[in-house]
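**Student:** Sharing a structure here in structure tokens format.
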Amino acid sequence: MIINRRIKLKDYNYFISYECEYNTRDDIYLDFKNYKDKYYDGGDLTLLIEAIERNYNKDTYKKYSDRTWLMSDALYIYDNIPFISGVGYYIMSSKDGSIVSTTYMSKEELDKYIKDNNVKMTDNSDFKLYDQRTWKLK
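Numbering follows numbering that gives the first Met the number 0, with no gaps: position 81 of the sequence shown is 80.
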């Protein structure tokens, strides 16, 4: 299953996608599908998203890419949420609030951009969603 969650960075609307699956241990659990730490908790993810939104500032894009704000914002999100499958951006109609356009960059596209452009990313090898001490928010 793919789950999408909204992230708002200032006036820009993004969403992250991540894959989950149901697993049975002593009960049925929803776990991350493609992340070493299978643990999934929507409440912890909400806290992380809120922290990312709070920490974002207008100079953030300069840390990742001075070429385009869209890629820079996507890299900022990816750098702080290392288990995502991709980042999307959507534009809403000023008339009725409906979504009129979406853009999506997969994890593979983000990784390629990082490699091709020597973007410095955070070492998140110790990241755990349930442990805020491991969140290296920029």
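Note that beta-carbon positions come from the ideal geometry of N, C-alpha and C, so glycine has one too.
Just so it is clear, the structure is predicted and the values come from calculations on it, not from any experiment.
How close, in whole Å, do the beta carbons of Asn-79 and Leu-136 come, if the pair is a contact with beta carbons under 8 Å?
**Tutor:** That pair is a contact at about 6 Å.
**Student:** Return the chain-ordered ranges of every beta strand (DSSP E) run that is complete within the segment 16–58 and spans a minimum of 3 residues.
**Tutor:** Listed in chain order, they are 27–31.
**Student:** Drop a sphere of 10 angstroms on the beta-carbon of Ile-51, count the other beta-carbons inside from all chains shown, and report buried for 16 or more, exposed for fewer.
**Tutor:** Ile-51 should be labelled buried.
**Student:** Looking at the secondary structure, which residues open and close the alpha helix (DSSP H) in which Met-0 lies?
**Tutor:** Run containing Met-0: none; DSSP gives neither H nor E here.
**Student:** I want to know whether the segment 60–80 touches the segment 9–17 - three or more CB-CB distances under 8 Å.
**Tutor:** Touching, yes, given that three or more Cβ pairs across the two stretches are closer than 8 Å.
**Student:** What do you get for Ile-6, buried or exposed, if any count of 16 or more other CB atoms within 10 angstroms of its CB means buried?
**Tutor:** Buried, because 16 or more other Cβ atoms sit within 10 Å of the Cβ of Ile-6.
**Student:** Buried or exposed: Asp-65, going by 16 or more other Cβ atoms within 10 Å of its Cβ?
**Tutor:** Answer is exposed; the Cβ neighbour count stays below 16.
**Student:** Taking Ile-113 as part of the alpha helix (DSSP H), name the residues at either end of that continuous run.
**Tutor:** Here the alpha helix (DSSP H) through Ile-113 covers 106–115.
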